[in-house]
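Engineer: Under my numbering, think of the first position of the sequence shown as 52, with each following residue one higher.
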Amino acid sequence: MNVMIDLETFGNKPGAVIVALGAVKFGPEGLGEKFYTRIDPESCVALGMTLDASTVQWWLGQSEEARLEIKKPGRSVDEALKNFSFWLGDDRALMWGNGAAFDNVILAAAYQKAGIPLPWKFWNDRCYRTVKALRPDVPLIKQGVAHHALDDACSQAVHLQEILWPSV
């Protein structure tokens with residue numbers, strides 16, 4: 052099983068505050084089940100996660116639709132992580148994120164801070180950014196709202212499908 056995750060955060064390093072988590076299961080046959088949750092940033096700070104001023108400043112320059120989405124009430128980070136673990140349901144999933152040092156490692160750090168077991172095997176981390184760099188001839192067509200975690204995860208999964216399984 053392949054899973055594309057996308058995070059919206061207030062930082063770009065492990066330990067950053069997470070404000071939204073989107074994910075979609077996918078394979079050569081198409082997109083499957085989807086997961087989305089907003090996360091209360093105060094619950095992240097209470098666990099010792101941090102905000103980066105330059106990332107918060109970056110958010111101020113994003114679309115109103117994206118900013119309004121992350122301002123909506125969210126679940127506690129503990130509850131969000133437990134719900135994601137339940138949704139994932141298989142620790143053998145191949146976990147794709149946009150960057151070897153971003154989505155997967157920030158999410159894994161959140162699990163560690165919360166004291167919740169990581170719901171995938173670390174050796175199943177996959178880097179979508181690396182694969183898309185190898186195939187610049189395959190265009191990424193964004194769908195939905197830019198910087199909405201679920202919309203971005205779905206766009207990235209469709210793009211990766213076109214790269215990995217072009218004739219299917």
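For glycine and all other residues, C-beta sits at the position ideal for the given N, C-alpha and C.
With a 10 Å radius around its C-beta and 16 neighbouring C-beta atoms as the bar for buried, classify LEU119 as buried or exposed.
Structural biologist: By the 10 Å Cβ count, LEU119 comes out exposed.
Engineer: Return the chain-ordered list of same chain residues with a C-beta closer than 7 Å to the C-beta of LEU132, the five sequence neighbours on each side being excluded.
Structural biologist: Closer than 7 Å at the Cβ level, and outside the excluded window around LEU132, lie ALA161, TYR162, ALA165, ILE167.
Engineer: How would you call PHE173, buried or exposed, if buried means at least 16 neighbouring beta carbons within 10 angstroms?
Structural biologist: PHE173 is exposed by the Cβ-count criterion.
Engineer: How about the region 170 to 190 and the region 106 to 117: do they share at least three Cβ pairs that are nearer than 8 Å?
Structural biologist: Cβ pair count under 8 Å is below three, so no.
Engineer: Give every residue of the same chain whose Cβ lies closer than 6 Å to the Cβ of PRO65, excluding the five residues on either side of it in the sequence, and list them in chain order.
Structural biologist: So the qualifying residues of the chain are VAL156, ILE157, ALA160.
Engineer: Taking C-alpha atoms, which residue in SER105, HIS199, GLU130, MET52 lies nearest to SER114?
Structural biologist: SER114 has its Cα closest to that of HIS199, out of SER105, HIS199, GLU130, MET52.
Engineer: Measure the C-alpha to C-alpha separation of GLN207 and TYR179 and round it to an integer number of angstroms.
Structural biologist: Answer to the nearest angstrom: the Cα atoms are 8 Å apart.
Engineer: Using the rule of at least 16 other Cβ atoms within 10 Å of the residue's Cβ for burial, across every protein chain shown, is LYS123 buried or exposed?
Structural biologist: With fewer than 16 Cβ atoms within 10 Å of its Cβ, LYS123 is classed as exposed.
Engineer: So, is PHE137 buried or exposed, given that buried needs 16 or more other C-beta atoms within 10 angstroms?
Structural biologist: Flag for PHE137 reads exposed.
Engineer: Which residues in the same chain have their Cβ closer than 8 Å to the Cβ of VAL75, if we skip the five residues on either side of it in sequence?
Structural biologist: Excluding residues within five positions, the ones whose Cβ falls inside 8 Å are VAL54, MET55, LEU82, GLY83, GLU84, LYS85, PHE86, LEU201, ALA204, CYS205, ALA208.
Engineer: Please state if the CB of LEU58 and the CB of GLY148 are separated by a distance shorter than 9 Å.
Structural biologist: Contact flag set, yes.
Engineer: Under 8 Å by Cβ, that's how I've got ALA71 and ILE90 pegged, so tell me the actual separation to the nearest angstrom.
Structural biologist: At roughly 6 Å, the Cβ-Cβ gap stays under 8 Å, so ALA71 and ILE90 are in contact.
Engineer: Between the alpha carbons of ILE69 and GLU93, how many angstroms are there, rounded?
Structural biologist: When rounded, the distance between both Cα atoms is 10 Å.
Engineer: Can you have a look at GLY240 and say buried or exposed, based on whether 16 or more other CB atoms are within 10 angstroms of its CB?
Structural biologist: Because the chain spans 52 through 219 in this model, residue 240 falls outside it and cannot be assessed.
Engineer: Suppose contacts are defined by Cβ-Cβ distances below 9 Å. Is LEU98 in contact with ALA67 by that definition?
Structural biologist: Not closer than 9 Å, so no.
Engineer: List the residues that DSSP assigns as beta-bridge partners of MET55.
Structural biologist: Bridge partners of MET55: VAL75, TRP147.
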